[in-house]
Amino acid sequence: MKIAFIGTYAPRQCGIGSFSQNLFESIQDLASSQASENIVIAINDPDNTYAYPPEVKFIIEQDDHHSYLKAADYINNNGIDICVVQHEYGIFGGQNGVFVLTLLHHIAIPAIVTFHTVLKKPSYNESMILKEIVRAAEKVVVMANKAVEMLIELYDVPVEKIEMIPHGVPDIRYDRTVVRQELRLTGKHVLLTFGFIGRNKGIETAICALPKVVQAYPDTVYIVLGKTHPNVVRHAGEEYRLFLHRLVKKLNLEDHVIFLNQYASQDDLFKYLSALDIYLTPYLHEAQITSGTLSYAVGVGSAVVSTPYWHAAELLDGGRGKLFNFNDDKQLAAILLDLLAHPNKLETMRSCAREYGKTITWPKTGGRYYALAEHLNEITPKLIIKEDPALDLNVLPPLRFDHIDRLTDSTGIFQHATYGIPNYHEGYCLDDNARALLMMLMAYRRTKSERTIKYIAIYLGYINYAQNANGTFRNFMGFNRSFLDETSSEDAFGRAVWALGYAMAYSPMDAYYQMARQLFFRAMPQFERLRSIRSIANTIIGLYYYLQDNPSDEGMIELIRKLAARLHHEYQIHRKDGWHWYESLLAYDNALLPLAMLYAAEVLTNKTYEETAFESMAFLELHTLQKGHLSLIGNQNWYRQTETPSPFAQQPVDAMAMVLLYLQAYNHSGKLSYLGSLHTSFMWFLGENDLRVSLYDFETHGCCDGLQPDGVNRNQGAESTLAYIISYLAVQHTFEKPYGKFIEDESRNISPNRLAHPST
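Taking the working numbering, the leading residue of the sequence shown gets 5, the next gets one more, and so forth.
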């Protein structure tokens with residue numbers, strides 16, 4: 005069995021690096037008889053390089069997303085059986101460390117993930133990422149029972165997926181008398197705090213407790229061993245350390261407090277732990293689920309006095325230590341005086357700690373990791389049974405309109421949101437109210453609810469108000485209900501025509517139908533003046549839906565013929581070897597172009613248009629669906645044939661267009677493979693994307709505005725949320741019972757149109 009250990013690694017100076025090295029070495033000792041070829045994949049922090057030992061075979065650059073993909077490729081092609089990943093906030097790149105998901109979802113073997121921190125009050129992003137890590141991993145490991153409880157209660161993690169393995173402790177022992185002489189501590193009462201220094205360590209509480217202690221025991225020294233945490237230095241310099249020095253001087257403790265501003269080696273640390281009388285961890289807050297330094301102190305048999313943060317409250321139970329209240333220097337002083345006055349109490353605490361420490365040495369902790377890895381390796385064939393998820397609607401979150409309610413007032417739907425809050429500064433736009441009309445009509449077909457009827461009237465009213473006398477539309481309206489332009493873009497015009505055509509096909513009442521018809525026909529003189537290929541495509545789709553209710557309108561059929569001919573002409577101009585597209589670049593709303601050709605091919609029974617649609621669809625698929633998930637063309641730079649496509653930022657509206665394209669491709673051809681691609685495209689919203697994060701917000705029920713290089717754009721404007729709900733409705737409609745019956749007996753000649761256009 006070959007294991008890849010992933011995390012920070014020595015000589016990088018951090019607790020996770022030491023943990024990773026100790027875990028690797030302990031398992032190497034266990035596996036040596038099997039000639040194990042275990043490796044380490046180290047994570048580098050920005051702007052630093054390290055002289056790694058030979059076991060480090062690959063390096064991930066923390067903030068380089070592509071580096072995680074290359075690491076996954078290395079793992080998949082080098083005979084690795086199991087990955088053991090150390091997770092801590094701050095060591096992975098992207099928003100809240102989101103890049104770890106890219107790694108986990110691209111490896112083809114089981115992963116064990118150790119959580120060094122479990123947050124009690126995570127942000128939405130932090131919660132979402134942790135839950136996705138759990139889904140991607142075969143097992144997750146925590147180091148305290150409190151963490152097990154939190155994963156179950158706060159993150160809904162199945163208990164059977166969690167392993168509790170205590171933090172390991174090196175099996176290093178020194179003679180107390182010898183090291184006290186070496187460190188010049190003979191005859192002194194030694195207190196020690198070790199680790200990276202930062203304000204949350206509460207060292208000032210210990211210093212403030214010292215005056216009473218040194219008054220009774222003048223030979224007392226308090227050693228603060230450790231450098232200031234690199235993140236603290238980066239943002240605040242040595243401000244905290246200097247504050248502690250000033251406090252020591254103020255309390256006249258210069259002869260009793262020793263600051264050792266150094267990163268101690270493991271051997272040096274254990275010398276100090278062997279020499280001390282009492283180990284102090286006066287942390288300020290309860291929210292610390294794992295403390296390596298505390299584990300070391302208990303493991304070596306130290307008497308520990310600590311505040312009751314989570315790990316300490318659990319680890320010091322059973323007489324292994326004493327607890328005092330947060331920020332309570334008076335209580336700490338009283339405990340220290342009592343212990344120093346009663347050496348038998350100190351020895352009892354040390355004895356309890358020593359006995360427990362025997363159970364958490366690295367050979368024992370490493371053995372538990374190794375046994376877990378062996379078990380997963382044995383059952384791996386049973387784990388990778390893959391079923392087609394396309395039919396399972398139960399995996400989708402419930403359809404909710406909360407964010408639509410939030411964004412809509414009596415005028416229309418607001419264009420933008422800051423996070424999940426409407427941004428009144430940006431007002432309204434035709435594009436989004438047209439999409440909102442389309443979405444709510446689709447929802448009405450499913451629910452027949454009064455709520456949808458109310459919203460249809462609002463959005464239709466906005467489009468009516470936006471239309472000029474000549475049939476064009478204005479687009480942008482301020483919060484004061486004054487339009488900011490006289491004529492909209494052609495793209496917005498086309499989207500309005502699509503929505504109006506759909507309204508004529510599926511209006512809930514005649515009054516709405518008549519309004520949509522009036523606006524549609526007023527706009528009709530502009531159809532042949534359109535120049536933008538996307539506005540032409542949107543208009544073709546609007547005409548298609550108009551013809552669902554008016555199939556014999558030869559004038560409209562002729563308009564489709566003219567517009568489709570122009571779209572096809574653009575395809576002929578730009579098509580060449582290796583480039584089967586309608587223009588010289590892949591930009592935005594790409595899937596709408598072959599979608600419009602499919603609609604035109606159906607109305608006109610035109611084989612050439614059908615071939616063009618499927619050929620261009622295959623070309624688009626070649627550039628977006630080759631990774632096993634949807635990877636859209638990013639809008640940082642549009643993709644030209646001779647250039648590299650930009651992976652970010654990816655937009656929800658483009659994913660929606662892909663969903664609608666594959667739906668129509670299935671309706672047109674009846675090929676089930678298109679339903680698989682439809683499902684894959686939709687799951688982009690729910691985390692099956694390049695970053696493996698959900699754009700759908702399970703709290704607000706809105707959709708984030710895009711996939712950026714370092715995570716999601718947390719703003720949730722109308723376009724994005726509408727794109728998600730339109731896609732959701734399309735998927736929900738497609739994969740319900742009629743499709744299930746069709747799958748059961750493919751020999752039945754069920755018309756695809758029965759699925760596409762059920763009677764309302």
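C-beta: ideal position from N, C-alpha, C; glycine also.
Since the structure is predicted, the reported quantities are computational estimates derived from the model, not experimental observations.
Go to residue i, then tell me how far its alpha helix (DSSP H) extends in each direction, as first and last residue.
i: Lys150; result: 149-159
i: Cys212; result: 207-220
i: Thr285; result: That residue, Thr285, is in no alpha helix (DSSP H); its beta strand (DSSP E) goes 282-285.
i: Lys326; result: Element bounds for Lys326: not the alpha helix (DSSP H) but the beta strand (DSSP E), 325-327.
i: Tyr13; result: Element bounds for Tyr13: n/a, residue is neither H nor E.
i: Val237; result: 234-240
i: Ile457; result: 454-470
i: Glu186; result: 180-186
i: Met660; result: 656-673
i: Ser685; result: 677-686
i: Pro347; result: 347-361
Which two residues bound the contiguous beta strand (DSSP E) that contains residue i?
i: Ser127; result: No beta strand (DSSP E) contains Ser127, which DSSP labels as neither H nor E.
i: Asn639; result: Here Asn639 belongs to no beta strand (DSSP E), and DSSP marks it neither H nor E.
i: Leu196; result: 193-198
i: Leu229; result: 224-229
i: Ile166; result: 166-168
i: Ile262; result: 261-264
i: Val308; result: 308-310
Please name the residue, chosen from the options, that lies closest to residue i on a Cα-to-Cα basis.
i: Ser355; options: Glu157, Leu320, Arg478, Gly475; result: Leu320
i: Arg410; options: Gly505, Gly706, Ala541, Pro512; result: Gly706
i: Asn594; options: Ile63, Lys675, Ser536; result: Ser536
i: Pro713; options: Gly199, Gln32, Asp67, Pro555; result: Asp67
i: Tyr466; options: Asn479, Leu257, Thr118, Val228; result: Asn479
i: Phe9; options: Cys18, Glu65, His91, Asp51; result: His91
i: Cys87; options: Ile64, Leu504, Ile113; result: Ile113
i: Val252; options: Leu277, Tyr300, Ala210, Asn235; result: Ala210
i: Ser620; options: Met601, Lys611, Ala440; result: Met601
i: Glu167; options: Val144, Gln552, Val309; result: Val144
i: Arg139; options: Leu155, Lys150, Leu679; result: Leu155
i: Leu196; options: Val501, Glu490, Ala301; result: Ala301
i: Thr412; options: Thr725, Trp642, Arg16, Pro651; result: Thr725
i: Gln185; options: Tyr678, Tyr159, Gly101, Lys275; result: Lys275
i: Thr738; options: Leu634, Phe686, Gly206; result: Phe686
i: Lys124; options: Ile116, Ser24, Leu134; result: Leu134
i: Asn771; options: Cys212, Thr232, Ile293, Ala220; result: Because the chain is modelled from 5 through 764, residue 771 falls outside the range shown and cannot be assessed.
Name the one or two DSSP bridge partners that residue i has.
i: Arg644; result: Leu589
i: Leu441; result: Paired residues: none, contrary to the question.
i: Lys143; result: Ile116
i: Glu717; result: Here residue 717 is Asn; the residue named in the question, Glu, does not match the sequence. Bridge partners of Asn717: Gly710.
i: Pro426; result: Ala421
i: Gln90; result: Thr118
i: Ala8; result: Ile43, Cys87
What separation, rounded to the nearest whole angstrom, lies between the Cα atoms of residue i and residue j?
i: Leu107; j: Leu73; result: 6 Å
i: Asp272; j: Thr181; result: 15 Å
i: Tyr13; j: His584; result: 48 Å
i: Ile462; j: Ile729; result: 18 Å
i: Ser127; j: Gly94; result: 15 Å
i: His69; j: Gln99; result: 11 Å
i: Ala307; j: Glu258; result: 25 Å
i: Ile227; j: Thr311; result: 18 Å
i: Arg565; j: Pro649; result: 33 Å
i: Gln522; j: Ser492; result: 19 Å
i: Arg245; j: Ile201; result: 8 Å
i: Ile388; j: Ser299; result: For Ile388, the predicted structure reports a pLDDT of 43, less than 50, and the residue's modelled location is therefore unreliable. The matter cannot be settled from this model.
i: Glu41; j: Cys18; result: 25 Å
i: Tyr743; j: Ile425; result: Caution is warranted here: a pLDDT of 31 is assigned to Tyr743, below 50, making its placement in the model unreliable, and no coordinate value can be reported.
i: Ala604; j: Ala503; result: 17 Å
i: Ala470; j: Phe477; result: 5 Å
i: Glu615; j: Gln736; result: 28 Å
i: Asp581; j: Leu624; result: 14 Å
i: Gly498; j: Ala527; result: 10 Å
i: Ser295; j: Ala148; result: 10 Å
i: Ala569; j: Asp694; result: 36 Å
i: Gly715; j: Met513; result: 43 Å
i: Thr118; j: Tyr78; result: 21 Å
- Jot down the residue ranges of each uninterrupted alpha helix (DSSP H) in the stretch 30-86, minimum 4 residues, whole runs only, in chain order. 69-80
- Query: In chain order, which beta strand (DSSP E) runs of at least 3 residues are fully inside the stretch 596-623?
  - Reply: none
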